[in-house]
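I have placed the structure first, in the form of structure tokens, so that the comments after it can refer back to it.
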Amino acid sequence: MNFKDIATVSGKPGLFKVLKPTRTGVILESLDAKKAKLVAGISHRVSILADISIYTLNEEGAEPLESVMQKIEVEFQGDLGLDSNPDEAELRAFMKHILPEVDESRVYVSDIKKLISWYKIIHEQMPEVLQASDDATEEKEAE
1 MNFKDIATVS
11 GKPGLFKVLK
21 PTRTGVILES
31 LDAKKAKLVA
41 GISHRVSILA
51 DISIYTLNEE
61 GAEPLESVMQ
71 KIEVEFQGDL
81 GLDSNPDEAE
91 LRAFMKHILP
101 EVDESRVYVS
111 DIKKLISWYK
121 IIHEQMPEVL
131 QASDDATEEK
141 EAE
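Residues 1 to 143 in full-length UniProt numbering are what the sequence shown lists, from first letter to last.
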């Protein structure tokens, strides 16, 4: 499994595993203990995590969510060191630490909260996704 198999649905909390497409949408399964199934149709806004990026000030203009989560995993190994209810300054400092070139005017606190929430879900439910991506990155660097 990788980031192409994980989705978020606008208006629904948490993350979902993409099971299979249908004629009118896609069948999703929640990444929590309930494993609830959802058929997301045209009316739902489904975003695949592999297609999500975070705005940066570098020449590319954005950093893929997958590489940001890899950085978080390498740096923190699941223990983010944040308070249970961090304030805006703490969240922005965390983001600046992980991604120094983040565009703070376009990345909102709510986006950082979502990033942290999604990271925790993936780290708990599918840690192999973060590890497998890590190995692929190391292989590319070795070439």
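C-beta: ideal position from N, C-alpha, C; glycine also. Just so you know, these numbers come straight off a predicted model, no measurement behind them.
Taking C-beta atoms as the reference points, Thr8 and Ser47 count as a pair closer than 8 Å. Of the candidates Leu57, Ala62 and Phe94, the residue whose Cα lies closest to the Cα of Phe76 is Phe94.
Assignment of beta-bridge partners to Ile6 by DSSP yields Lys17. Restricting attention to Asp32, Ala33, Lys17 and Lys34, the CA atom closest to the CA of Val26 is found in Lys17. Non-local beta-carbon contacts of Lys4 in its own chain, meaning distances under 7 Å to residues more than five positions away in sequence, involve Ile48 and Ala50 in chain order.
Under the three-state reduction of DSSP output, Ala40 falls in the strand class.
Sequence-distant partners of Leu91 (beyond 5 residues in either direction) whose C-beta falls short of 6 Å from its own C-beta, in its chain, are Val109 and Ile112.
Collapsing the DSSP output to three states places Ile116 in a helix.
Leu130 and Ser53 have their C-alpha atoms spaced approximately 16 Å apart. Taking C-beta separations shorter than 7 Å and ignoring five residues to either side along the sequence, the partners of Leu57 in its chain run Glu101 and Asp103, following chain order. The DSSP-derived three-state label of Pro64 is strand. Taking a C-beta distance under 8 Å as the contact criterion, His123 and Gly78 qualify as a contact pair. In this structure, Ile121 keeps its C-beta atom at 8 Å or more from the C-beta atom of Leu65. In the DSSP assignment, Leu57 falls outside any beta strand (DSSP E) and carries neither an H nor an E.
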